[in-house]
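Colleague:
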Amino acid sequence: MRVEFTKYQGLGNDFILIDNRDQDQPCLTPEQAVQMCDRNFGIGGDGVIFVLPATGETDYTMRIYNSDGSEPEMCGNGIRCLARFLAKLEGQPAQKAITYRIHTLAGPITPSLQPDGLVQVDMGPPYLVPKDIPTTLGQGTDPVINQPLEVGGQTWSVTCVSMGNPHCITFVEDLETIDFQQLGPQFEHHPAFPQRINTEFIQVIRPDYLKMLVWERGAGPTLACGTGACAVLVAGVLTGKSQSQATIELPGGPLRIRWEGEQEPVYMTGPAEQVFSGVLDL
Ligand code: ZDP
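Okay, so the sequence shown: first residue is 1482 according to our numbering, each after it adds one.
Following this line, the structure appears as C-alpha cells:
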C-alpha cells in the first residue's frame, strides 16, 4: 500500500498528516501508526492525524493516534497543523484568513488561519467535573483544585482540567528540581486517572507568563502540548496564579492562551509549519 503523507510541527510537537477525505475511517491501523511514528524505524512523529469527511454541521473530521497507538479525543497543536494542511489541500492562497469547523471526539473545534501565519483555535470550554475528566479525585461535581495526590513518595497539590482530553496540572517553585522522567509515567498511570492522564508541571514566572513541562499520555515527554497549555491557563485562573490571558512557554516555544472563565471557550494561538512530504510503502 502506498500512503502519501505530510509532516507538520507546531512548536516541535510533530505529526504525520494524512489526506483521508475519501473515506470515513482512518486508512491506517493504530499498529501502522506506531510504526510510522518511530523515530528510528519510521518517519518519526508524536502522532498520526487523519483528515476525514465532515460529520454533522462541520467542514471536516479529525482523528488522531498517539505514537503508542492510543486514540486521544483532541490535539491542540495537531489541529493547528491540520488547518494549515487543509488550506494546502484546498489550494487556498497563502496568508488568506480562513476558519474551519472541525469535528473531533471532543466535539466541534474551530481553528482560524490568520494572515500573520499563526493559527488561532477556539478550543471550546474546559470540563471541570471530576467524572468528565475522568478522575477519582475530588467530591461530587466540584472542580478538582489544589487536591493532594501521592506520587513517587511525595504529596503533590494538583488541579485537573479536561480540554476533551484529560490533564493534571501541578504548580512548582522550580522546574529544575522536578525528576520528570521518573514522575511522568507514575502520574500517567496513577489509579486516580482511569483513562490515564497528560501531566503538566508549571513554574509561574509572572501571572501572565508561565513555564511548562509536559509528559503526554501515550507519547511521553514532548516539546509542546496545545491542549495542555490551555488546561494550564484554566488551572492558573482557577487557582489564582495566572491572569485570564497569558503566554505559556513550552520547551518548543510559546503559545498565547486566553480564557474568560465559566462557560467561555479557551482560545489558543500559535504556529504550525510544514516540514516535508513523502510517500510510504507499507
Ligand atoms: O491526550 C492525549 O493522549 C495526548 N497525548 C494527545 C495529544 C495532545 C497534543 N500534544 C496537543 O497538542 O494537544 C497533540
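For glycine and all other residues, C-beta sits at the position ideal for the given N, C-alpha and C. No experiment lies behind these values; they were computed from the predicted model shown.
Return the residue from the list Leu1714, Ser1723 and Thr1651 that minimises the CA-CA distance to methionine 1604.
Modeller: Methionine 1604 has its Cα closest to that of Leu1714, out of Leu1714, Ser1723 and Thr1651.
Colleague: Taking the continuous beta strand (DSSP E) assigned at cysteine 1641, which residues delimit it?
Modeller: It spans 1635 to 1643 - the beta strand (DSSP E) in which cysteine 1641 sits, taken as one unbroken run.
Colleague: Closer than 7 Å to a non-hydrogen atom of ligand 1 - does that hold for the CB of cysteine 1556?
Modeller: Under cutoff, so the answer is yes.
Colleague: Any chance the stretch 1570 to 1577 sits against the stretch 1536 to 1550, with 3 or more Cβ pairs inside 8 Å?
Modeller: The stretch 1570 to 1577, when compared against the stretch 1536 to 1550, does not touch it at the 8 Å Cβ threshold.
Colleague: Tell me the residue span of the beta strand (DSSP E) that contains glycine 1491.
Modeller: Start and end: 1483 to 1491.
Colleague: Between glutamate 1654 and glycine 1528, what straight-line distance do the alpha-carbon atoms span, to the nearest angstrom?
Modeller: So the alpha carbons of these two residues sit roughly 31 Å apart.
Colleague: Under the rule that 16 or more other beta-carbon atoms within 10 Å means buried, what is arginine 1520, buried or exposed?
Modeller: The residue is exposed, with fewer than 16 neighbouring Cβ atoms inside 10 Å.
Colleague: From what residue to what residue does the beta strand (DSSP E) around alanine 1700 run?
Modeller: It is not in any beta strand (DSSP E) - alanine 1700 carries neither H nor E in the DSSP assignment.
Colleague: On the DSSP letters alone, give me the boundaries of the alpha helix (DSSP H) that threonine 1728 sits inside.
Modeller: Segment 1726 to 1731 is the beta strand (DSSP E) holding threonine 1728; no alpha helix (DSSP H) there.
Colleague: So, with DSSP's three-state summary, where would you put aspartate 1613?
Modeller: Aspartate 1613 falls in the helix class under three-state DSSP.
Colleague: Proline 1596 to alanine 1578, Cα distance in whole Å?
Modeller: Spanning the two alpha carbons is a distance of roughly 6 Å.
Colleague: Comparing alpha-carbon positions, which option in Val1685, Met1693 and Ser1758 lies nearest glutamine 1724?
Modeller: Closest by alpha carbon: Val1685.
Colleague: Could you tell me the distance, in whole angstroms, from the CA atom of threonine 1487 to the CA atom of glutamate 1741?
Modeller: Computed Cα separation, rounded: 35 Å.
Colleague: Do valine 1610 and phenylalanine 1566 have their C-beta atoms closer together than 8 Å?
Modeller: Their beta carbons are not under 8 Å apart, which means valine 1610 does not touch phenylalanine 1566 by this criterion.
Colleague: Spell out the partners DSSP gives aspartate 1495 in its beta bridges.
Modeller: Answer is Gln1490.
Colleague: Looking at the unbroken alpha helix (DSSP H) that takes in glycine 1709, where does it start and where does it end?
Modeller: Here the alpha helix (DSSP H) through glycine 1709 covers 1707 to 1719.
Colleague: Following the continuous beta strand (DSSP E) through isoleucine 1765, name the residue where it begins and the one where it ends.
Modeller: Only positions 1482 to 1763 of the chain appear in this structure, which leaves residue 1765 out of reach.
Colleague: What whole-angstrom Cβ distance do glycine 1557 and threonine 1708 have, given they're in contact under 8 Å?
Modeller: Sure, about 4 Å apart at Cβ, within 8 Å.
Colleague: If you check the beta carbons only, do leucine 1761 and isoleucine 1729 fall under 8 Å apart?
Modeller: No, the Cβ-Cβ distance between leucine 1761 and isoleucine 1729 is not below 8 Å.
Colleague: Does the distance from the CB of histidine 1584 to the CB of alanine 1535 come in under 8 Å?
Modeller: Against a cut-off of 8 Å, the Cβ pair of alanine 1535 and histidine 1584 comes out as a contact.
Colleague: Contact defined as beta carbons within less than 8 Å: I believe glycine 1665 pairs with threonine 1680. What is the distance between those atoms, to the nearest angstrom?
Modeller: Right, their Cβ atoms sit about 6 Å apart.
Colleague: Alpha carbon to alpha carbon, how far is methionine 1644 from proline 1607? Give it in angstroms, no decimals.
Modeller: When rounded, the distance between both Cα atoms is 5 Å.
Colleague: If you draw a straight line from the alpha carbon of valine 1695 to that of glutamine 1504, how long is it in whole angstroms?
Modeller: The alpha-carbon atoms of valine 1695 and glutamine 1504 are separated by roughly 33 Å.
Colleague: Secondary structure at proline 1767, three-state DSSP: helix, strand or coil?
Modeller: Nothing can be reported for residue 1767: it is not among the residues displayed for the chain, which extend from 1482 to 1763.
Colleague: With DSSP as the reference, please indicate the residues paired to valine 1632 in a beta bridge.
Modeller: Paired residues: Gln1635.
Colleague: Does the Cβ of glutamine 1490 have 16 or more other Cβ atoms within 10 Å, making it buried, or fewer, making it exposed?
Modeller: So glutamine 1490 counts as buried.
Colleague: Which residues mark the beginning and the end of the alpha helix (DSSP H) in which arginine 1561 is found?
Modeller: 1557 to 1570 is the extent of the alpha helix (DSSP H) around arginine 1561.
Colleague: Between the Cα of leucine 1736 and the Cα atoms of Ala1727, Arg1677 and Tyr1581, which residue gives the shortest distance?
Modeller: The shortest Cα separation from leucine 1736 among Ala1727, Arg1677 and Tyr1581 belongs to Ala1727.
Colleague: How many angstroms separate the CA atom of valine 1632 from the CA atom of glutamine 1576?
Modeller: About 47 Å.
Colleague: To the nearest angstrom, how far is the alpha carbon of phenylalanine 1757 from that of cysteine 1649?
Modeller: Distance between the alpha carbons of phenylalanine 1757 and cysteine 1649 is about 33 Å.
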